[in-house]
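So the structure is just underneath, and the comments pick up after that.
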Amino acid sequence: MKTYGIILVGCGYMGAVHLDSLYKHNRARIVGVADLRPEKAQEFALKYGAEAWDTDYRNLLKREDVDIVIIATYPSTHLEIAKASIAAGKHILCEKPIAGNMKETEEFIRLAGSAKTKVLVGHILRHNSTYQRVADMIRSGAIGAPLAMRMSQVKRTHNWESHLALLHDASPIVDCGVHYIDVMRWVTGAEVDSVSGVGQRLDAGVPENTYNYGMITMKFSDGSIGYYEAGWGHTMPSDNLKEFIGPKGRIRIIYKDQRPKSEQHLGNLIQFEHYPSGTREDINVDYTLKPTGVQFEHFVGMIEGTKAATPTLEDVYKAMQITLLADRAIHEGRTLSFAQPPIYAVK
Numbered sequence: 001m002k003t004y005g006i007i008l009v010g011c012g013y014m015g016a017v018h019l020d021s022l023y024k025h026n027r028a029r030i031v032g033v034a035d036l037r038p039e040k041a042q043e044f045a046l047k048y049g050a051e052a053w054d055t056d057y058r059n060l061l062k063r064e065d066v067d068i069v070i071i072a073t074y075p076s077t078h079l080e081i082a083k084a085s086i087a088a089g090k091h092i093l094c095e096k097p098i099a100g101n102m103k104e105t106e107e108f109i110r111l112a113g114s115a116k117t118k119v120l121v122g123h124i125l126r127h128n129s130t131y132q133r134v135a136d137m138i139r140s141g142a143i144g145a146p147l148a149m150r151m152s153q154v155k156r157t158h159n160w161e162s163h164l165a166l167l168h169d170a171s172p173i174v175d176c177g178v179h180y181i182d183v184m185r186w187v188t189g190a191e192v193d194s195v196s197g198v199g200q201r202l203d204a205g206v207p208e209n210t211y212n213y214g215m216i217t218m219k220f221s222d223g224s225i226g227y228y229e230a231g232w233g234h235t236m237p238s239d240n241l242k243e244f245i246g247p248k249g250r251i252r253i254i255y256k257d258q259r260p261k262s263e264q265h266l267g268n269l270i271q272f273e274h275y276p277s278g279t280r281e282d283i284n285v286d287y288t289l290k291p292t293g294v295q296f297e298h299f300v301g302m303i304e305g306t307k308a309a310t311p312t313l314e315d316v317y318k319a320m321q322i323t324l325l326a327d328r329a330i331h332e333g334r335t336l337s338f339a340q341p342p343i344y345a346v347k
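So in the working numbering, the last one in the sequence shown is 347, and the numbering has no gaps at all.
As structure tokens, this is what we get:
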């Protein structure tokens, strides 16, 4: 089987998450890493056994032994790097969100849709076995419909400067909201009809045109509703609630690291409460194989013609549209209806 030469652009948290799964993978060879900070590029090259490092990713794109580019930089740089990578004939695995505004989102989708190489956007929850199990349960009617969906991704930051830099590119709602809006569409099979939200600047230095805490609410075409809250800051709690409530029961996801230490070896936990019996079923989901590794294997399948993109470019586009509309709803202080414009050159 072919081994794929990989370069990573962006030696930050998500870059490390990708390479942690790939540096010993039998179908991956880490050719190079790039970051504007030479010390970070050197650090990653040493840690993951990369053959080369550079502060300019374009130098690494010239190598003929590079098949795949992993883009793990700030959203405002994704389009530029994707253009250069596709022009160089490379396949792309790009972190979300694909852009920070609608114009660049549409351009990215057009570019990806017409590319001769393969492009996958890293909606990692689509490749997470826990979320796959929950989606199957919900779509098979385990808790009935319509749903109330509760999603929270709030954390106290230990690297404020990094998060502050990200705030210049994307609010917390835009940065991770694409994940959970995609999850809500996925599990219900429904479209978003309208969005509203609120936001707050809670730390010194937060740019005046954005916020570091936000909450959005959504109404769906099947009657379901959902909310998503996100925030980064010095005074935030750590909260990672993922819950789905229906007329026949409730499902809650509890991550491995949220469980007592004596239970963490069991992996993630799905708590499934039945109504009207009142019984509860605890489902342990093995978490030995990280979703980034599963995602990479799926991407290899796309390249080799055995797999379709998951999520599709259409799903990526819709998640971005809704997330950016929700961000706008926060800034304008009103509920906005979601009218779906055409999808641009999606294949």
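All residues carry an ideal CB built from backbone N, CA and C; glycine is no exception.
From a predicted model like this one, the values you see are computed outputs, not experimental measurements.
Does DSSP put A52 in a helix, in a strand, or in coil?
The residue given as residue 52 occupies position 52 in the sequence shown. Strand.
Ordered along the chain, which non-local residues of its own chain (more than five positions away) have a Cβ less than 6 Å from that of V346?
In the sequence shown, residue 346 corresponds to position 346, counting from 1. Confidence at V346 is low in this model, with a pLDDT of 46, below 50, so the placement of that residue should be treated as unreliable; the coordinate-derived value is given next. G113, L313, E314, listed in sequence order.
Just checking my contact of V33 with A41 at CB under 8 Å: how many whole Å lie between their CB atoms?
Position 33 of the sequence shown holds residue 33. Position 41 of the sequence shown holds residue 41. About 5 Å; that satisfies the 8 Å criterion.
So, at 7 Å on beta carbons, what are the nonlocal neighbours of A309 in its own chain, with the 5 sequence-adjacent residues on each side left out?
Looking up residue 309 in the sequence shown gives position 309. For A309, where only same-chain residues beyond five positions count, the Cβ hits under 7 Å are L120, M302.
Can you tell me where the beta strand (DSSP E) holding C11 begins and where it ends?
By 1-based counting over the sequence shown, the position of residue 11 is 11. Judged by DSSP secondary structure, C11 falls outside any beta strand (DSSP E); it is assigned neither H nor E.
Between the Cα of R252 and the Cα atoms of I283, E297, T292, which residue gives the shortest distance?
The residue labelled residue 252 in the question sits at position 252 within the sequence shown. Nearest C-alpha to R252: I283.
My output table needs one value for S238: the three-state DSSP class, helix, strand or coil.
Reading the sequence shown from its first residue, position 238 is the one you call residue 238. The three-state secondary structure of S238, taken from DSSP, is coil.
Give me the Cα-Cα distance between D249 and A230, rounded to the nearest whole angstrom.
Counting from 1 along the sequence shown, the entry for residue 249 is found at position 249. Counting from 1 along the sequence shown, the entry for residue 230 is found at position 230. The identity of residue 249 in the sequence shown is Gly, whereas the question assumes Asp. Roughly 26 Å between the two C-alpha positions.
Helix, strand or coil at K347 [DSSP, three-state]:
Residue 347 sits at position 347 when you count from the first residue of the sequence shown. Because the pLDDT at K347 is just 43, under 50, the model does not fix this residue reliably, and the point stays unresolved.
Are the stretch 35-52 and the stretch 5-24 in contact at 8 Å, needing three or more beta carbon pairs?
Touching, yes.
Candidates R58, A135, Y74: which alpha carbon is nearest A84's?
Taking the first residue of the sequence shown as position 1, residue 84 is located at position 84. It is R58.
If I follow the unbroken alpha helix (DSSP H) through N59, where does it start and stop?
Position 59 of the sequence shown holds residue 59. Run containing N59: 57-61, per the alpha helix (DSSP H) assignment.
If we require 4 or more residues per run, which alpha helix (DSSP H) segments fall completely within the stretch 263-325?
Whole alpha helix (DSSP H) segments, 4+ residues: 291-303.
Could I get the ranges of all uninterrupted alpha helix (DSSP H) runs contained in the stretch 162-210, with 4 residues as the minimum, in chain order?
Runs found: 172-188.
Are the stretch 139-159 and the stretch 230-241 touching, with three or more C-beta to C-beta distances below 8 Å?
Under the 8 Å Cβ criterion, the stretch 139-159 counts as touching the stretch 230-241, having at least three qualifying pairs.
With DSSP as the reference, please indicate the residues paired to G249 in a beta bridge.
Translated into the one-based positions of the sequence shown, residue 249 becomes position 249. Per the DSSP secondary-structure output, G249 pairs in a beta bridge with G246, H274.
Give the DSSP-derived three-state secondary structure of H91 in the structure shown.
Position 91 of the sequence shown, counting from 1, holds the residue named residue 91. H91 falls in the strand class under three-state DSSP.
Find out if the Cβ-Cβ distance for the pair G122, E104 is shorter than 8 Å.
Counting from 1 along the sequence shown, the entry for residue 122 is found at position 122. Counting from 1 along the sequence shown, the entry for residue 104 is found at position 104. Result no, Cβ atoms of G122 and E104 do not sit closer than 8 Å.
Touch check for the stretch 218-229 and the stretch 261-277: three-plus C-beta pairs under 8 Å?
At 8 Å Cβ cutoff, the stretches do not touch.
Thinking C-beta only, is G214 closer than 8 Å to V198?
As a first step, residue 198 is located in the sequence shown; it is residue number 198 there, counting from the start. As a first step, residue 214 is located in the sequence shown; it is residue number 214 there, counting from the start. For the pair V198 and G214, the CB atoms are nearer than the 8 Å cut-off.
L147 beta carbon less than 8 Å from that of S246
Taking the first residue of the sequence shown as position 1, residue 246 is located at position 246. Taking the first residue of the sequence shown as position 1, residue 147 is located at position 147. Note that residue 246 corresponds to Gly in the displayed sequence, not to Ser. It is a contact, given that the beta carbons lie within the stated cut-off.
Report the three-state DSSP secondary structure of F338 (helix, strand or coil).
Sequence index remark: in the sequence shown, residue 338 carries index 338 (1-based). F338 falls in the coil class under three-state DSSP.
If we count the other Cβ atoms within 10 Å of its Cβ and call it buried at 16 or more, is A135 buried or exposed?
For the purposes of this step, residue 135 is identified with residue 135 of the sequence shown, where counting begins at 1. So A135 ends up on the buried side.
What residue range is occupied by the uninterrupted alpha helix (DSSP H) comprising T105?
Here residue 105 corresponds to residue number 105 of the sequence shown, with the count starting at 1. Where T105 is concerned, the enclosing alpha helix (DSSP H) stretches over 102-114.
Would you check if there are 3 or more beta carbon pairs closer than 8 Å linking the stretch 168-176 to the stretch 268-281?
No, the stretch 168-176 does not touch the stretch 268-281.
Option in D239, K242, F220, L289 with minimal Cα separation from E191:
Locating residue 191 in the sequence shown gives position 191, counting from the first residue. Residue nearest to E191 within the set D239, K242, F220, L289 is F220 (criterion: CA-CA distance).
Inspect the beta-carbon positions of V183 and Y131 and report whether they are closer than 8 Å.
In the sequence shown, the residue the question calls residue 183 occupies position 183. In the sequence shown, the residue the question calls residue 131 occupies position 131. Less than 8 Å divides the Cβ of V183 from the Cβ of Y131.
Using three-state DSSP, classify T217 as helix, strand or coil.
Within the sequence shown, the letter at position 217 stands for residue 217. Looking at T217 - three-state DSSP - the assignment turns out to be strand.
Enclosing beta strand (DSSP E) for S129 [first to last residue]:
On the sequence shown, position 129 is the one that residue 129 refers to. In the DSSP annotation of this structure, S129 is not part of any beta strand (DSSP E); the continuous alpha helix (DSSP H) holding it starts and ends at 129-139.
From D54, C11, Y287, D203, pick the residue whose C-alpha is nearest to that of M236; which is it?
What you label residue 236 is simply residue 236 of the sequence shown in a count that begins at 1. Looking at D54, C11, Y287, D203, the one whose alpha-carbon comes closest to that of M236 is D203.
Nearest neighbour of L8, chosen from K90, A115, L269 [CA to CA]:
Residue mapping note: residue 8 aligns to position 8 of the sequence shown, counting from 1. Nearest C-alpha to L8: K90.
First and last residue of the uninterrupted beta strand (DSSP E) at E64
Start at 1 with the first residue of the sequence shown, and residue 64 comes out as number 64. Run containing E64: none; DSSP gives neither H nor E here.
According to DSSP, is L147 helix, strand or coil?
Residue numbering aside, residue 147 sits at position 147 when the sequence shown is read from its first letter. Three-state DSSP puts L147 in coil, outside helix and strand.
Rounded to whole angstroms, what is the Cα-Cα separation between G12 and L166?
What you label residue 12 is simply residue 12 of the sequence shown in a count that begins at 1. What you label residue 166 is simply residue 166 of the sequence shown in a count that begins at 1. Just so you know, the alpha carbons of G12 and L166 end up roughly 12 Å apart.
Residue of I254, E281, Q258, R280 minimising C-alpha distance to L269
Against the sequence shown, residue 269 aligns to sequence position 269. For L269, the nearest C-alpha among the options comes from I254.
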